[in-house]
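Numbering (the UniProt record's numbering), first residue to last: 1 to 253.
This is the structure in structure tokens:
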């Protein structure tokens, strides 16, 4: 039976703008299981990205607690949070934050060397991962500006995976990609999950959401829907699509 990898207890996030308090996340109790591919959906402004950043330790909650494999990370200081993220989390964003003055391979290795000082071992793993996401050797030597959007995003995924994170967080990773590139990136993320890594992804896109086995629907900072889709299979896409559409209609999507 899968273990809980991430759990929140009365998670709240409040922002103050011009002296006005905005309650973005409201007393969220969430349990995420090891090996799950969790999709977070909801309308714009519902708190999806705020929740993702809180779960990943990129932002601290205003109230409540976040437990990663039983450890309360919401009590860690900024330095310890940085170490936690480096050792346990991978991040994939719509905006691909590759360093412009470094090759693809060097971008990936720079992240890997933060954890593993064995340069040869990091290089070997980086090359293996780049090959797995179907980036050829010619691409490894290119600078980010020389890549297509889909190639750059796949490079970004490899950078997120180089330290073998327990959980991968993704914020609209296909939002700026065309259909072919989007499918390629989703295939990589699906394979990552099949190999046992937990994935938490924010998306507005139904095609992307179909890759998840669990859908959390956020409205005004509250989880108002929780759908189990089961494991993704290409041949069950129509049934999954119908089930997801019915769920989203119920949520007022």
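C-beta: ideal position from N, C-alpha, C; glycine also.
- Assigned with DSSP and collapsed to three states, residue 223 falls in strand.
- It is roughly 13 Å from the alpha-carbon of residue 128 to the alpha-carbon of residue 112.
- Taking 4 residues as the minimum length, the segment 49 to 75 contains no alpha helix (DSSP H) run wholly inside it.
- In this structure, DSSP gives residue 124 a helical state, which the three-state scheme calls helix.
- The straight-line gap separating the alpha-carbon atoms of residue 143 and residue 162 is approximately 18 Å.
- Rounded to the nearest angstrom, the gap between the Cα atoms of residue 138 and residue 160 is 21 Å.
- For residue 69, same chain residues with a beta-carbon under 7 Å away, outside a window of 5 residues either side, are 5 in chain order.
- Where residue 182 is concerned, the enclosing alpha helix (DSSP H) starts and stops at 179 to 194.
- Comparing alpha carbon positions, the residue from 37, 85, 96 and 231 closest to residue 60 is 85.
- DSSP places residue 41 inside the beta strand (DSSP E), whose first and last residues are 37 to 41.
- Take the alpha-carbon of residue 23 and the one of residue 218: they are about 13 Å apart.
- Counting C-beta pairs closer than 8 Å gives fewer than three between the segment 116 to 135 and the segment 197 to 205, which falls short of the contact rule.
- Under the three-state reduction of DSSP output, residue 214 falls in the strand class.
- Under a 10 Å Cβ-count criterion, residue 2 is classified as exposed, with fewer than 16 other Cβ atoms of the shown protein chains found around its own Cβ.
- DSSP, read as helix, strand or coil, puts residue 114 in coil.
- By DSSP's assignment, residue 23 forms a beta bridge with 14.
- If you look at residue 32, you'll find it in the beta strand (DSSP E) that goes 31 to 33.
- Sixteen is the threshold: when 16 or more other Cβ atoms of the shown chains lie within 10 Å of the Cβ of residue 91, as they do, the residue is buried.
- In this structure residue 203 is not in contact with residue 185, their Cβ atoms being roughly 11 Å apart against a cut-off of 8 Å.
- Here the segment 141 to 158 makes contact with the segment 98 to 110; the two share three or more CB pairs at distances below 8 Å.
- Taking a C-beta distance under 8 Å as the contact criterion, residue 73 and residue 223 do not qualify as a contact pair.
- As far as DSSP is concerned, residue 230 takes part in no beta bridge.
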